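Step one of this worksheet: look at the structure below.
2 protein chains.
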Amino acid sequence: MTDVARIGLLGQGTVGAALHEMLGERADEIAAVAGRRPEVVGILRRAQGSFDDILERAEIVVELIGGTDPARDYVLRSLRAGRHVVTANKRLIAEHGDELFDAAREAGVQLRFEAAAAGVVPVIRVVQESLAATELTRVFGIVNGTTNFILTEMATTGASYAEALGRAQELGYAEADPTDDVGGADAAAKMAILARLAFHTPVRLDDVTYEGIAGIQPDDISYAKELGLSLKLLGVAERTGGGISVRVFPCFLYRGHPLAPVEGPFNAVTVEAPAITEITMSGPGAGGPETATAVLGDLVSILAGKAPVHEPRVELPIVADVRSSFYLHLEVADRPGVLARTAEVLGRNEVSVRSVVQRGLGDDARLVMVMHEGPEAHFYSALDEIAKLDFVRATPRAIRVIEEEFV
Amino acid sequence: MTDVARIGLLGQGTVGAALHEMLGERADEIAAVAGRRPEVVGILRRAQGSFDDILERAEIVVELIGGTDPARDYVLRSLRAGRHVVTANKRLIAEHGDELFDAAREAGVQLRFEAAAAGVVPVIRVVQESLAATELTRVFGIVNGTTNFILTEMATTGASYAEALGRAQELGYAEADPTDDVGGADAAAKMAILARLAFHTPVRLDDVTYEGIAGIQPDDISYAKELGLSLKLLGVAERTGGGISVRVFPCFLYRGHPLAPVEGPFNAVTVEAPAITEITMSGPGAGGPETATAVLGDLVSILAGKAPVHEPRVELPIVADVRSSFYLHLEVADRPGVLARTAEVLGRNEVSVRSVVQRGLGDDARLVMVMHEGPEAHFYSALDEIAKLDFVRATPRAIRVIEEEFV
Numbered sequence: 131m132t133d134v135a136r137i138g139l140l141g142q143g144t145v146g147a148a149l150h151e152m153l154g155e156r157a158d159e160i161a162a163v164a165g166r167r168p169e170v171v172g173i174l175r176r177a178q179g180s181f182d183d184i185l186e187r188a189e190i191v192v193e194l195i196g197g198t199d200p201a202r203d204y205v206l207r208s209l210r211a212g213r214h215v216v217t218a219n220k221r222l223i224a225e226h227g228d229e230l231f232d233a234a235r236e237a238g239v240q241l242r243f244e245a246a247a248a249g250v251v252p253v254i255r256v257v258q259e260s261l262a263a264t265e266l267t268r269v270f271g272i273v274n275g276t277t278n279f280i281l282t283e284m285a286t287t288g289a290s291y292a293e294a295l296g297r298a299q300e301l302g303y304a305e306a307d308p309t310d311d312v313g314g315a316d317a318a319a320k321m322a323i324l325a326r327l328a329f330h331t332p333v334r335l336d337d338v339t340y341e342g343i344a345g346i347q348p349d350d351i352s353y354a355k356e357l358g359l360s361l362k363l364l365g366v367a368e369r370t371g372g373g374i375s376v377r378v379f380p381c382f383l384y385r386g387h388p389l390a391p392v393e394g395p396f397n398a399v400t401v402e403a404p405a406i407t408e409i410t411m412s413g414p415g416a417g418g419p420e421t422a423t424a425v426l427g428d429l430v431s432i433l434a435g436k437a438p439v440h441e442p443r444v445e446l447p448i449v450a451d452v453r454s455s456f457y458l459h460l461e462v463a464d465r466p467g468v469l470a471r472t473a474e475v476l477g478r479n480e481v482s483v484r485s486v487v488q489r490g491l492g493d494d495a496r497l498v499m500v501m502h503e504g505p506e507a508h509f510y511s512a513l514d515e516i517a518k519l520d521f522v523r524a525t526p527r528a529i530r531v532i533e534e535e536f537v
Numbered sequence: 131m132t133d134v135a136r137i138g139l140l141g142q143g144t145v146g147a148a149l150h151e152m153l154g155e156r157a158d159e160i161a162a163v164a165g166r167r168p169e170v171v172g173i174l175r176r177a178q179g180s181f182d183d184i185l186e187r188a189e190i191v192v193e194l195i196g197g198t199d200p201a202r203d204y205v206l207r208s209l210r211a212g213r214h215v216v217t218a219n220k221r222l223i224a225e226h227g228d229e230l231f232d233a234a235r236e237a238g239v240q241l242r243f244e245a246a247a248a249g250v251v252p253v254i255r256v257v258q259e260s261l262a263a264t265e266l267t268r269v270f271g272i273v274n275g276t277t278n279f280i281l282t283e284m285a286t287t288g289a290s291y292a293e294a295l296g297r298a299q300e301l302g303y304a305e306a307d308p309t310d311d312v313g314g315a316d317a318a319a320k321m322a323i324l325a326r327l328a329f330h331t332p333v334r335l336d337d338v339t340y341e342g343i344a345g346i347q348p349d350d351i352s353y354a355k356e357l358g359l360s361l362k363l364l365g366v367a368e369r370t371g372g373g374i375s376v377r378v379f380p381c382f383l384y385r386g387h388p389l390a391p392v393e394g395p396f397n398a399v400t401v402e403a404p405a406i407t408e409i410t411m412s413g414p415g416a417g418g419p420e421t422a423t424a425v426l427g428d429l430v431s432i433l434a435g436k437a438p439v440h441e442p443r444v445e446l447p448i449v450a451d452v453r454s455s456f457y458l459h460l461e462v463a464d465r466p467g468v469l470a471r472t473a474e475v476l477g478r479n480e481v482s483v484r485s486v487v488q489r490g491l492g493d494d495a496r497l498v499m500v501m502h503e504g505p506e507a508h509f510y511s512a513l514d515e516i517a518k519l520d521f522v523r524a525t526p527r528a529i530r531v532i533e534e535e536f537v
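Read top to bottom, the protein sequences are chains L and Z. Quick note: the working numbering has the first sequence finishing at residue 537, numbered continuously throughout. Quick note: the working numbering has the second sequence finishing at residue 537, numbered continuously throughout.
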């Protein structure tokens, strides 16, 4: 029988509830990956449960209360009692990191906090593990989904800041009191954490200069569009002048910048070093299941203890009958009936045409078509027939097209 | 004194040489992060060195020979002798993964191979560790930098396939015999590895259907541009119809697709699951220092043995004097001399103007300027003066601009 891993949950909000559900639903997979089956031995809710009881019973404590009081006290006591801790609390790490890291080191336990930086985007693991021995020169990105949603809304609908904020609140992307997000403090805390890990130096929240987006006007965005720029709230931590600079500010990016296309409540972080040029990671910056997934990744790493060695758990069949949309390029004789004949073959094979461009080139003509998505087998049997038509002058060229619905 | 970690290097090509150099230059940092100082105890070159000697002396074997013979034999013997192994060899893992994973599990050692999938892009670590317990539904991306360079070259310069391939060979992005890259076999091997890890199922190279890009014509790309599409060689591994499908094919992406802006010799991989929506990671897909950095990340993880706890190693000063480019938006009275006066203040403060847009709105006018990059202190002292000018009707709005040279 698999060993049980005793987990205590502090806090049961959106993320806590999502994590609790995942630990139940994914228990078999976690046991398969990590060798131990998670069991929640206690949950501390606002008006229910005792921290001391949970500390007594759990070997891993997950802190999802937020804020620093009582989170700091609970996390410190957990670490000092030899419990591994996973937290999603950026303020806690940004303000009390030194003390917490010291406690973890002294007790020889793990303190993991992937969800504290960029939601489910695994930037902390990449910086601390993949790039542990690489000298990073800059870490920058969009680390607040609320403000990125608001700026995207302003840019795409022409809404004012107040209107876009209202919409973010309706959709649950902004809190009733949005000060921490829109003022830049939330992003500043995340950048303090990233700068600390990237440059192996103590960075306090006070070291980060930050500005928010409340002063942005719709016409700033429309003038910028004329110049080919898009507006983002950017966090930048970099080595400069023999030290470091860590800042958060609203900022225009030129059209080809890798972060320019990051829209809505997404986060994206780019890490730079001479040896790697750059690595960019993006994904949802918040949300219950997303944040819970980041916490779960940390938990599984603690349970696994060492690097995973791949072990197949199922034998999934390879499925050949897939659906695709195709582009079809035909070199044809320029004479009547070519389009009708081609369309007939496609129709009979149940391939539906989305768009057609036909062009004469003297004697020669090109017929370029894009199909709606359908079974590949249908398209290929049509293609076999089309290739044999007498007006087709060269081997047809077929290339798949990824449509919007792909993602 | 720090413990020494004995490392044996098999193969000394571009990646091997870059890794060897890094292990020397970064030895202190590696010791600080991992607690052990790396020492290269043997290098197997084509005509020099003995594998048996290296196996005897090393506790970690790094395989950078490529191909399967003798790499498979060396890696198997290393694992069975209780040595951890790091490899960058995608063919080896794709063709002989089952046997190698079994050997690693039986010996209780680590087998790491981040560099075998997408260069320095840490997709294997993210899939195997961050998302170990998350049920992934699809993994797709651009996993061959050579073909992405060729397709980018064709799209931006109108070059034919043969011309673009020639250019890739000149720049060292394509080998003299490019068959494996342009035919899709290289991407297929990487997708076999990713599918195996993502879906916890055995995937053999034969299970992957693949096509290459040799048949692509410049006019396919130009027609596609008219339709707003860009062409990529895509690898797609997905759960479908109760099984999985793993394929590599050239494919048009619509303009807003997250992979559409990935250009040149870059790789990018997107991982999808209901709980995370999607995570996308991008970076260089090849290159000596880049691949060596991925190998180094694996090595450090083996040395560290457990999760890192952050420990500051230096105390870097916070530098406030940074350089930026600014957008400046002024609401001004519509009268002569406004631009001249504003420009005078900027000039005196050594702020250089790049572009200006001035617009009358009845009595009111807007002056919108973008500055060249310069010290922020200069800009802010100009801004203080400008805010006090009598024709300025509202608080000036200043927003930073990231120019192309940022990245």
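Just so it is clear, CB atoms sit at the ideal spot from N, CA and C, and this is done for glycine as well. Here the structure is a predicted model, which is why all the values come from computation and not from measurement.
Asked: What residues in the segment 405-429 of chain Z bring their beta carbon closer than 7 Å to a beta carbon of chain L?; Found: Ala-405, Ile-406, Thr-407, Glu-408, Ile-409, Thr-410, Met-411, Ser-412, Gly-413, Pro-414, Pro-419, Glu-420, Thr-423, Leu-426 and Gly-427
Asked: Please look up how many angstroms separate the CB atoms of Z/Val-273 and Z/Arg-242, rounded, as I've assumed it's under 8 Å.; Found: The Cβ separation is near 18 Å, so there is no contact.
Asked: Under 8 Å, Cβ to Cβ, is there at least one residue of chain L near Z/Ala-354?; Found: yes
Asked: Just to check my reading of the structure: L/Asp-494 and L/Glu-244 have Cβ atoms closer than 8 Å, yes? What is that Cβ distance to the nearest angstrom?; Found: About 58 Å; that fails the 8 Å criterion.
Asked: Determine the burial state of Z/Gly-288: buried for a count of at least 16 other Cβ atoms within 10 Å of its Cβ, exposed for fewer.; Found: exposed
Asked: Output needed for Z/Val-192: all residues of its chain with C-beta closer than 6 Å, excluding positions within five of it in sequence on either side, in chain order.; Found: Leu-139 and Val-216
Asked: Compare the Cα-Cα distances from Z/Ile-448 to each of L/Pro-414, L/Asp-337, L/Gly-418 and L/Arg-484 and report the closest residue.; Found: L/Asp-337
Asked: Using a Cβ cut-off of 8 Å, pull out every chain A residue sitting near L/Thr-132, in sequence order please.; Found: The chain labelled as chain A is not found among the protein chains of the depicted structure, namely L and Z.
Asked: Round the Cβ separation of Z/Ile-137 and Z/Glu-169 to the nearest angstrom and send it over; I've been treating them as touching at under 8 Å.; Found: 7 Å
Asked: Taking the runs of the beta strand (DSSP E) that are 3 residues or longer, which of them lie wholly in the segment 132-212 of chain L?; Found: 133-140, 166-174 and 190-193
Asked: State the DSSP-derived secondary structure class of Z/Lys-436, mapped to helix, strand or coil.; Found: coil
Asked: Give the secondary structure of L/Ser-482 by DSSP, where H, G and I count as helix, E and B as strand, and everything else as coil.; Found: coil
Asked: Taking a cut of 8 Å between CB atoms, which residues from the segment 380-396 of chain Z lie near chain L?; Found: Pro-380, Cys-381, Phe-382, Leu-383, Tyr-384, Gly-386, His-387, Pro-388 and Pro-391
Asked: Would you say L/Glu-535 faces chain Z, with C-beta separation under 8 Å as the test?; Found: Low per-residue confidence applies at L/Glu-535: pLDDT is 48, beneath 50, and the placement is therefore not dependable enough to give any value.
Asked: Taking Z/Ser-375 as the reference, which of Z/Gly-365, Z/Phe-382 and Z/Leu-389 has the closest Cα?; Found: Z/Gly-365
Asked: Are the CB atoms of L/Val-586 and L/Leu-497 nearer to each other than 8 Å?; Found: Only positions 131 to 537 of chain L appear in this structure, which leaves residue 586 of chain L out of reach.
Asked: Taking the alpha carbon of L/Ile-351 as the reference point, which residue from L/Leu-389, L/Gly-372, L/Gln-240 and L/Ala-285 has its own alpha carbon closest?; Found: L/Ala-285
Asked: Round the Cβ separation of Z/Ala-367 and Z/Val-269 to the nearest angstrom and send it over; I've been treating them as touching at under 8 Å.; Found: 5 Å
Asked: Taking L/Asp-337 as the query, report the chain Z residues whose CB atoms sit under 8 Å from its CB, ordered along the chain.; Found: Ile-448
Asked: Could you say which of L/Val-500, L/Ile-432 and L/Val-481 lies nearest to L/Val-487 if we only look at CA atoms?; Found: L/Val-500
Asked: With a threshold of 8 Å between beta-carbons, can Z/Ile-532 be considered close to chain L, or not?; Found: yes
Asked: Listing by chain order, which chain Z residues have their CB less than 7 Å from the CB of L/Ala-517?; Found: The contacting residues do not exist; L/Ala-517 stays about 14 Å from chain Z at best.
Asked: Here's a check: name, in chain order, each residue in its chain whose Cβ is nearer than 7 Å to the Cβ of L/Pro-419, leaving out the five neighbours to either side.; Found: Ala-148
Asked: Are there 16 or more other CB atoms within 10 angstroms of the CB of L/Lys-518, so buried, or fewer, so exposed?; Found: exposed
Asked: CB-CB under 7 Å to Z/Glu-265, same chain, minus the five flanking residues each way: which ones, in chain order?; Found: Ala-403
Asked: Suppose the cutoff is 6 Å on Cβ atoms and the five residues either side in sequence are ignored; what does the same chain contact list for Z/Glu-535 look like?; Found: With a pLDDT of 49 at Z/Glu-535, under the threshold of 50, the predicted position of this residue should be treated as unreliable, though the coordinate-derived value follows. Counting only Cβ-Cβ distances below 6 Å, and skipping sequence neighbours, we find nothing.
Asked: Since Z/Asp-451 meets chain L, which of its residues come closer than 9 Å, beta carbon to beta carbon?; Found: Thr-370, Gly-371 and Ser-375
Asked: Using a C-beta to C-beta distance shorter than 7 Å, which residues of chain L count as neighbours of Z/Gly-345?; Found: Arg-527
Asked: Which of the three DSSP states is assigned to L/Glu-515 in this structure?; Found: helix
Asked: Taking DSSP's pairing of strands, which residues face L/Gly-345 in a bridge?; Found: In the DSSP output, where bridge partners are listed per residue, L/Gly-345 has none listed.
Asked: Say whether chain L places a C-beta atom closer than 8 Å to the C-beta of Z/Tyr-457.; Found: yes
Asked: Using a Cβ-Cβ cutoff of less than 6 Å, which residues in the same chain neighbour L/Glu-305 once the five nearest sequence positions on both sides are dropped?; Found: none
Asked: Z/Ala-495 bridges to which residues according to DSSP?; Found: Z/Val-462 and Z/Gly-490
Asked: Any beta carbon of chain L sitting closer than 8 Å to that of Z/Arg-166?; Found: no
Asked: Are the CB atoms of Z/Leu-458 and Z/Pro-391 within a distance shorter than 8 Å?; Found: no
Asked: So, are the CB atoms of Z/Gly-394 and Z/Thr-282 less than 8 Å apart?; Found: yes
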